[in-house]
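Position 121 of the sequence shown, counted from 1, bears residue number 113 in our numbering, the numbering being contiguous throughout. By construction, the Cβ of each residue, glycine as well, lies at the ideal position given by its N, Cα and C atoms.
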Amino acid sequence: MSRPRSRRRPPAERFAARPNGARGPLPVVAVVGRPNVGKSTLFNRLVGRRLAVVEDVPGVTRDRHYAEAEVLGRPFVLVDTGGFDPRDEDPRASAIQRQVRTALDEADVVLCVFDASSEPLEADLEAVRLLRRARLPVLYVANKADSPRRALEASGYYELGLERLLPVSALHGRGVADLEEALAELLPEPPEQPQTPADDEEGDLPRVAFVGRPNAGKSSLVNRLLGEERVLVDARPGTTVDAVDVLMEREGHRWVLVDTAGMRRKRARKDDVEVHAVFHAVRAIERSDVVVLMIDAAEGPAEQDAKVAGLALDRGCALVVGLNKMDLLDARAAREAERKARSVLSFVPWAPIVPLSARTGRGVKHLLRTVERAAASHRKRVTTGEVNRFFAEVLERHPPPTYRKRPVRLYYVTQAETRPPTFVVATNRPEGVHFSYRRYVANQIRERFGFFGTPIRVVYRGKRRRQPAGHEP
């Protein structure tokens, strides 16, 4: 069905490779419906992975969640949305409805999901009316049809004026094959485009995760960077549940931004939804290059901020600290907030602290430059010749102390990996290199080669010096 209207393309389409090697805009399929009908379960089923948080309570999904999927060899971008209920007067529900309408603006095909275990509700009728006005190809799906009897009972939804209803059980996979076949028939064929060198790099774009405690301003900052309300923002903590990926192109920067749920202490987590949300946030850290730790400057840094920074450090991520809501503080309070943040995060002295205000935009450009510099350092490689010439100078100025009255010899060093930069030092006694000397070497490497905002790993491995022929040990 043709639609003579312009549409913004979703960020996720830029990462998808076509099966034949060519690239181009992929079709977009939006999953919509009222709360708690199993949209996220169906989303995970079609994607083939548990990406969206699923819980048997309404309102778990709030932001648009993109993922690549494929049916019968046809690739597309799948978008999970929050529950659509126009009767709900909660401000957060209104924001969800805006997200749903934005997803429809981007969509080529819609999956409208009903609950086969219940009778049609007013919200279901409103969803059907909305889709008719949108003039989109729609597949109506009755989820939770776990048995033939339940599938037959779902026929009550035909009173909404549907031409076809597909009963499925996203949880058990029943009827999903028929749904995939029907979906493949509706997917438009994206235009062929020649592959360019820039396309090869898209899958390797730096990933920047925004993490921190609830209500620290992570979503507000992501929206500020994107210049649109891409993720929900609410003064109440816990608005973000899923980790939301979105491509950002701004002032020459091209990154994947990942907005995550607030991470509270274990004993402060209220329910399973929050536990799953924190798990997704940790997963987001693990697959990111740079972590931006957002701290509410008005509230001040806390022990939980140090724990989150420790997660980033353990997983080898570059780290930038965003001290948000500085517009609420006077000059003296701002200085005290920075001092306390540096004290709480003293174990990562190399992590830059950027004062900013996501609400007013103050300091956001400085944050962008800082993240870009940290991402470059995270991927920086030093040649073996450079690092060994430098290492010889270090040994001449400050050789390693002896170990059990025997000399510790360091033969050579090489950079083995990036992300994070990892150096391997060959030595005769790895156990004899004192921790203080290890720290000295890491600091010298950081200072000489300009590694900024990223952890550095220096690994010491045993190696015996080759003896001349005929030498008796």
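task: Give me the Cα-Cα distance between PRO344 and ARG431, rounded to the nearest whole angstrom.
output: Answer to the nearest angstrom: the Cα atoms are 19 Å apart.
Please state the DSSP three-state secondary structure of LEU311. Annotated three-state conformation of LEU311 is strand, per DSSP.
4 or more residues per run - each alpha helix (DSSP H) lying fully within the region 305 to 389 | If we require 4 residues or more, the alpha helix (DSSP H) runs fully inside the region 305 to 389 come out as 323 to 336, 356 to 370 and 376 to 389.
Discussion item. Whole angstroms are fine: how far does the CA of ASP138 sit from the CA of GLY467?
Written reply: The structure shown has nothing for residue 467, since the chain only spans -7 to 465.
Mind checking which residues open and close the alpha helix (DSSP H) that includes PRO140?
Run containing PRO140: 140 to 145, per the alpha helix (DSSP H) assignment.
Note to self: Please tell me whether PRO67 and LEU128 are closer than 7 Å, where the distance is taken between their beta carbons.
What the structure shows: At least 7 Å separates the beta-carbon of PRO67 from that of LEU128.
Original post:
Can you list, in chain order, the residues of its chain whose CB lies under 6 Å from that of ALA209, leaving out five sequence neighbours each side?
Top reply: It should be noted that the sequence gives Gly, not Ala, for residue 209. Hits under 6 Å: MET286, ASN316 and ALA350.
*Residue nearest to GLY292 in terms of C-alpha spacing, selected from VAL374, ALA304 and ARG334*: Just measuring C-alpha positions, the residue of VAL374, ALA304 and ARG334 sitting nearest GLY292 is ARG334.
Review point. If we ignore side chains and look at the alpha-carbon of each, how far apart do VAL374 and VAL405 end up?
Key: Going by the C-alpha atoms only, they are around 11 Å apart.
- Message: On the criterion of 16 or more Cβ atoms from any shown chain inside 10 Å, does GLY204 qualify as buried, or is it exposed?
- Response: Result: buried.
Exercise for the section: Determine contact between the region 141 to 148 and the region 116 to 125, defined as no fewer than three beta-carbon pairs at a distance below 8 Å. Expected result: These segments do not touch.
request  = Tell me whether ARG242 sits in a helix, a strand or coil according to DSSP, three-state version.
outcome  = DSSP places ARG242 in the strand class (E or B) of the three-state scheme.
TODO: Specify the secondary structure class of GLY254 as computed by DSSP and reduced to three states.
DONE: The answer is coil: DSSP assigns GLY254 none of H, G, I, E or B.
Next on the checklist: I need the straight-line Cα distance from VAL417 to HIS390, nearest angstrom please.
Outcome noted: Going from the Cα of VAL417 to the Cα of HIS390 covers about 16 Å.
**Study point:** Three-state class that DSSP yields for GLY65 in the structure shown
**Key:** Note: GLY65 maps to coil in three-state DSSP.
- Task: Kindly indicate which three-state DSSP category ARG411 falls into: helix, strand or coil?
- Result: Three-state result, ARG411: coil.
Notebook entry, point to check: Quick one: what does DSSP say SER211 is sitting in, helix, strand or coil?
Noted result: Helix.
Backbone secondary structure at PHE478 - three-state DSSP
Outside the displayed span of the chain (-7 to 465) sits residue 478, for which this structure offers no information.
query: Leaving out five residues before and five after LEU348 in sequence, what residues of the same chain have Cβ atoms less than 8 Å from its Cβ?
result: If we look at LEU348 and ignore the five residues flanking it on each side, its Cβ neighbours are LEU213, GLY314, LEU315, ASN316, MET318, ARG354, GLY355, VAL356, HIS358 and LEU359.
Residue environment, GLU388, which counts as buried when at least 16 other CB atoms sit within 10 Å: Looking at its Cβ environment, which holds fewer than 16 other Cβ atoms inside 10 Å, GLU388 is exposed.
Does the distance from the C-beta atom of VAL105 to that of VAL133 stay below 7 Å? Pairing VAL105 with VAL133 gives a Cβ-Cβ distance under 7 Å.
Buried or exposed (CB count within 10 angstroms, at least 16 for buried), GLY230: The predicted position of GLY230 is uncertain, since its pLDDT is 42 and thus under 50; no value can be drawn from it.
Over what stretch of residues does the beta strand (DSSP E) that includes VAL29 continue unbroken? Counting along the chain, VAL29 falls outside any beta strand (DSSP E), and DSSP gives it neither H nor E.
Note to self: Could you tell me the alpha carbon to alpha carbon distance between PHE444 and HIS426, rounded to whole angstroms?
What the structure shows: In this model, PHE444 and HIS426 are separated by some 25 Å (Cα to Cα).
| Nearest residue (CA-CA) to VAL312, options VAL346, ALA298, HIS57 and PHE339 | Per the Cα distances, VAL346.
* Asked: Could you give the distance in angstroms between the alpha-carbon of LEU303 and the alpha-carbon of PHE76?
  -> The straight-line gap from Cα to Cα measures roughly 35 Å.
Checklist line | Neighbourhood of LEU152 by C-beta distance below 7 Å, restricted to the same chain and skipping five residues each side | finding: So the list reads PRO112, ASP116, LEU117 and VAL120, once near-sequence residues are dropped.
Taking DSSP as the reference, what is the three-state secondary structure of ASN420? Here ASN420 sits in coil by DSSP.
Rank VAL200, GLU243 and LEU239 by C-alpha distance to the C-alpha of ALA310 and give the top, closest one. Shortest Cα-Cα distance from ALA310 to any of VAL200, GLU243 and LEU239 involves VAL200.
#### Entry: Helix, strand or coil at LEU303 [DSSP, three-state]
Helix.
> Straight-line CA distance for PRO140 to ARG37?
Replying inline: Approximately 20 Å, taken between the alpha carbons.
*Does the Cβ-Cβ distance between PRO412 and GLY308 come in under 7 Å?*
Yes, Cβ-Cβ distance for PRO412 and GLY308 is below 7 Å.
Could you compute how far the alpha carbon of GLU478 sits from the alpha carbon of PHE35?
The chain is shown only over -7 to 465; residue 478 falls outside these bounds and no answer can be derived.
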